[in-house]
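Taking it in order: structure first as structure tokens, then the write-up.
Residue numbers (my numbering), protein chains in the order written: chain A, 1 to 270; chain B, 271 to 533.
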């Protein structure tokens with residue numbers, strides 16, 4: 001049985017488009033990516049799954065339960081990181097954790113301390129005093145501290161620096177190993193490529209494709225464009241003289257690569 | 271009370287602890303000041319009141335100002351405290367619903383296995399506790415002021431007067447819950463319910479001033495407010511308004527369950 005299953009799920013806001021006829025399934029233990037630009041309908045789909053928005057049509061089932069009627073039972077088994085996470089400026093992460101733990105009927109705060117250490121998150125400062133990235137870390141901890149069966153993460157790496165993005169991607173891989181199912185939305189192709197098994201592409205409120213990431217990349221492959229790395233520095237002229245080459249240029253390192261060059265493991269701590 | 275509601279009420283009160291003091295202490299100090307100055311102005315006050323127009327005295331429920339209790343009723347409990355606490359009530363419940371939606375907290379709380387109705391119930395309960403706490407602080411400072419100045423205020427009467435504000439203010443928390451069922455903007459909810467609060471006061475005032483229009487007072491909660499400092503609490507009115515407030519909050523919870531929580 002699929003963990004998440006939608007059938008022609010539709011949400012309309014009056015005349016404004018939300019999502020239309022979204023049909024997909026996420027299998028147990030799968031990491032499923034929702035890929036699309038801002039405003040495509042990723043967040044609307046997630047909020048409809050979580051019963052924060054009531055569907056205009058179609059249906060959604062999570063753990064085989066109806067997303068509307070059984071919403072409370074469903075939420076007992078999942079963790080959610082909302083897009084643009086916030087909780088209140090005066091509240092600290094630890095205070096928020098205590099409230100959520102009590103709402104979940106937990107005695108303690110699960111693995112929150114270990115996660116805080118891993119993400120270098122400050123649980124004791126009021127959220128209003130934290131940068132966006134540091135707030136996002138708290139959001140991630142609140143979504144995962146209780147080791148849920150299903151993780152729903154809306155733009156989870158938004159605001160995180162590259163080191164923490166790496167840590168997050170490692171966490172998602174560990175969650176999959178633990179047996180958890182993950183649905184994450186992103187507009188970063190690279191992020192989805194690295195962590196997801198399958199991806200759904202959302203455009204203008206419609207799910208236009210659901211593919212395995214490897215298949216998607218194979219389809220999008222430009223078979224006349226190859227990135228080659230030499231063992232030593234080369235002259236571009238020498239490369240251009242090779243048979244069949246019509247264009248050659250040096251590749252710039254991405255900012256992420258430069259960042260990771262300067263910050264080794266353990267050096268990201270303030 | 272379930273563990274979930276207890277957790278939500280605790281969090282709500284923790285967030286509002288500054289507000290509780292910010293309202294309770296100024297109101298209490300003001301009220302204490304009224305009581306403290308009474309002995310020194312008592313004589314001139316009685317003469318002044320005799321010269322007031324009858325309509326004015328009727329409007330503010332003043333027959334005479336010969337006791338500190340009557341003065342407290344006229345200066346604090348007939349207008350300022352009910353309006354202030356009614357406004358505080360809608361601010362308090364809005365902070366737990368629309369304020370939480372605006373800050374993103376609602377999304378986080380509703381990721382946990384808690385129903386929206388429980389969120390509304392917890393917000394309403396926390397508001398009821400906050401209102402009671404503000405009234406206790408205000409009444410306590412008033413009584414301390416009387417003790418310090420030897421004003422001779424009857425503590426029982428003062429407590430009855432302040433306690434009587436509680437159901438009236440709570441009713442506007444109920445209206446706030448209903449308003450949150452229609453709008454998730456704090457400014458809209460507080461504006462709409464504050465407008466209703468003032469409108470009800472004005473309706474009651476008009477009904478008192480014009481005998482021909484006295485019938486309209488029945489649609490205002492101020493009709494059932496009375497003068498508990500002098501007459502004691504009317505148990506029927508107290509219970510009736512409290513039940514009405516709870517019913518309004520229940521309708522608000524029903525509406526809140528059915529609305530979209532747009533991000």
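Cβ coordinates follow ideal geometry from the N, Cα and C atoms, glycine included.
How would you label residue 74/A, buried or exposed, when you count the other beta carbons within 10 angstroms and need 16 or more for buried? Along the first chain, read from residue 1 onward, the residue named residue 74/A stands at position 74. So residue 74/A counts as buried.
What does residue 185/A pair with, by DSSP beta-bridge criteria? Along the first chain, read from residue 1 onward, the residue named residue 185/A stands at position 185. Paired residues: 34/A, 154/A.
Mind checking residue 306/B: buried by the 16 CB within 10 Å criterion, or exposed? By one-based count along the second chain, residue 306/B stands at place 36. With 16 or more other Cβ atoms within 10 Å, it is buried.
The beta strand (DSSP E) with residue 24/A in it runs from where to where? The count along the first chain starts at 1 and reaches residue 24/A at position 24. Taken as a continuous stretch (DSSP letters only), the beta strand (DSSP E) holding residue 24/A covers 16–26.
Any beta carbon of chain A sitting closer than 8 Å to that of residue 385/B? Locating residue 385/B in the second chain gives position 115, where the first residue counts as 1. It does: the Cβ of residue 385/B has a partner Cβ on chain A nearer than 8 Å.
Do we get a CB-CB distance below 8 Å when we pair residue 116/A with the residues of chain B? Translated into positions along the first chain, residue 116/A becomes position 116. It does not; no Cβ of chain B falls within 8 Å.
Which residues does DSSP list as the beta-bridge partners of residue 11/A? The residue labelled residue 11/A in the question sits at position 11 within the first chain. Looking at the DSSP assignment, residue 11/A forms a beta bridge with 19/A.
Based on Cα-Cα distance, which residue from 194/A, 97/A, 103/A lies nearest to residue 168/A? Residue 168/A sits at position 168 when you count from the first residue of the first chain. Ranking 194/A, 97/A, 103/A by Cα distance to residue 168/A puts 194/A first.
Quick check: the Cα distance between residue 290/B and residue 358/B, rounded to an integer number of angstroms? Here the question's residue 290/B lines up with position 20 in the second chain. Here the question's residue 358/B lines up with position 88 in the second chain. Going from the Cα of residue 290/B to the Cα of residue 358/B covers about 9 Å.
Taking the continuous alpha helix (DSSP H) assigned at residue 58/A, which residues delimit it? Mapped onto the first chain, residue 58/A falls at position 58. That residue, residue 58/A, is in no alpha helix (DSSP H); its beta strand (DSSP E) goes 57–62.
Residue of 528/B, 481/B, 419/B, 507/B minimising C-alpha distance to residue 325/B: Within the second chain, numbered from 1, the residue matching residue 325/B stands at position 55. For residue 325/B, the nearest C-alpha among the options comes from 481/B.
List, in order along the chain, the chain A residues whose C-beta lies closer than 7 Å to that of residue 382/B? Counted from its first residue, the second chain places residue 382/B at position 112. Under the 7 Å cutoff, chain A gives 75, 100, 103, 104.
Provide the residue span of the alpha helix (DSSP H) that contains residue 361/B, from first to last. Along the second chain, one-based indexing puts residue 361/B at 91. Where residue 361/B is concerned, the enclosing alpha helix (DSSP H) stretches over 350–366.
Please classify residue 334/B: is it buried, with 16 or more other beta-carbons within 10 angstroms of its beta-carbon, or exposed? Position 64 of the second chain, counted from the start, is the residue given in the question as residue 334/B. Exposed, because fewer than 16 other Cβ atoms sit within 10 Å of the Cβ of residue 334/B.
What does the alpha-carbon distance come out to for the pair residue 463/B and residue 447/B? For this step, residue 463/B is matched to residue 193 along the second chain. For this step, residue 447/B is matched to residue 177 along the second chain. Distance between the alpha carbons of residue 463/B and residue 447/B is about 10 Å.
Who are the Cβ neighbours of residue 270/A in its own chain at under 6 Å, not counting the five residues just before and after it? As a working mapping, residue 270/A is identified with position 270 in the first chain. Its pLDDT being 38, under 50, residue 270/A is placed unreliably in this model, and the coordinates cannot settle the point.
Let me make sure I understand the geometry here. Which of 250/A, 49/A, 147/A has the alpha-carbon closest to that of residue 109/A? As a first step, residue 109/A must be located in the first chain, where it is residue number 109. Of the listed residues, the one whose Cα sits closest to residue 109/A is 147/A.
Is any beta-carbon of chain B found at less than 8 Å from that of residue 38/A? Locating residue 38/A in the first chain gives position 38, where the first residue counts as 1. Residue 38/A does not count as touching chain B.
With DSSP collapsed to three states, give me the class of residue 266/A. As a first step, residue 266/A must be located in the first chain, where it is residue number 266. Caution applies to residue 266/A, whose pLDDT of 49 falls short of 50 and renders its modelled position unreliable; the value that the coordinates give is listed next. The answer is coil: DSSP assigns residue 266/A none of H, G, I, E or B.
Nearest-angstrom Cα separation, counted from residue 144/A out to residue 156/A: What you label residue 156/A is simply residue 156 of the first chain in a count that begins at 1. What you label residue 144/A is simply residue 144 of the first chain in a count that begins at 1. One C-alpha to the other measures close to 12 Å.
Please tell me whether residue 368/B and residue 454/B are closer than 8 Å, where the distance is taken between their beta carbons. Taking the first residue of the second chain as 1, we reach residue 368/B at position 98. Taking the first residue of the second chain as 1, we reach residue 454/B at position 184. Yes; because the gap between Cβ atoms is below 8 Å, this pair is in contact.
Residue 89/A - DSSP class collapsed to helix/strand/coil: In the first chain, counting from the first residue as 1, residue 89/A sits at position 89. Here residue 89/A sits in coil by DSSP.
Does any C-beta atom of chain A lie closer than 8 Å to the C-beta of residue 366/B? The residue given as residue 366/B occupies position 96 in the second chain. No - not a single Cβ of chain A is within 8 Å of the one on residue 366/B.
Are the CB atoms of residue 281/B and residue 72/A within a distance shorter than 8 Å? The residue given as residue 72/A occupies position 72 in the first chain. The residue given as residue 281/B occupies position 11 in the second chain. The answer is no: Cβ separation not under 8 Å.
Which residue's Cα is closest to the Cα of residue 12/A: 5/A, 21/A, 178/A? One-based indexing of the first chain puts residue 12/A at position 12. Comparing Cα positions, the closest option is 21/A.
Measure the Cβ-Cβ separation of residue 212/A and residue 223/A and say whether it is below 8 Å. One-based indexing of the first chain puts residue 212/A at position 212. One-based indexing of the first chain puts residue 223/A at position 223. Not closer than 8 Å, so no.
Decide if the region 176–188 of chain A is in contact with the region 35–43 of chain A; the criterion is three or more beta carbon pairs, one per stretch, under 8 Å apart. yes
Quick one: Cα of residue 57/A to Cα of residue 374/B, how far? Taking the first residue of the first chain as 1, we reach residue 57/A at position 57. Taking the first residue of the second chain as 1, we reach residue 374/B at position 104. Each residue's Cα considered, the two are about 26 Å apart.
What first and last residue would you give for the beta strand (DSSP E) that runs through residue 486/B? To locate residue 486/B, count along the second chain from 1; it is residue 216. That residue, residue 486/B, is in no beta strand (DSSP E); it is neither H nor E in DSSP.
Alpha-carbon spacing of residue 360/B relative to residue 398/B, whole angstroms: As a first step, residue 360/B must be located in the second chain, where it is residue number 90. As a first step, residue 398/B must be located in the second chain, where it is residue number 128. Roughly 11 Å separates the two Cα atoms.
Beta-carbon of residue 145/A versus every beta-carbon of chain B: anything under 8 Å? To locate residue 145/A, count along the first chain from 1; it is residue 145. Chain B, which has no Cβ nearer than 8 Å to the Cβ of residue 145/A, makes this no.
Cα-Cα separation between residue 429/B and residue 205/A, rounded to whole angstroms: For the purposes of this step, residue 429/B is taken as residue 159 along the second chain, with counting starting at 1. For the purposes of this step, residue 205/A is taken as residue 205 along the first chain, with counting starting at 1. Taking the straight line joining both Cα atoms gives about 59 Å.
Suppose contacts are defined by Cβ-Cβ distances below 8 Å. Is residue 382/B in contact with residue 103/A by that definition? By 1-based counting over the second chain, the position of residue 382/B is 112. By 1-based counting over the first chain, the position of residue 103/A is 103. It is a contact, given that the beta carbons lie within the stated cut-off.
Sort 502/B, 355/B, 340/B, 297/B by Cα distance to residue 426/B and report the nearest one. As a first step, residue 426/B is located in the second chain; it is residue number 156 there, counting from the start. That would be 502/B, whose Cα lies nearest to the Cα of residue 426/B.
How would you write the range of the beta strand (DSSP E) that residue 393/B sits in, first residue to last? As a working mapping, residue 393/B is identified with position 123 in the second chain. Careful: residue 393/B lies outside any beta strand (DSSP E), inside the alpha helix (DSSP H) at 386–419.
Using only the alpha-carbon positions, how far apart do residue 354/B and residue 41/A sit? Position 84 of the second chain, counted from the start, is the residue given in the question as residue 354/B. Position 41 of the first chain, counted from the start, is the residue given in the question as residue 41/A. Roughly 44 Å between the two C-alpha positions.
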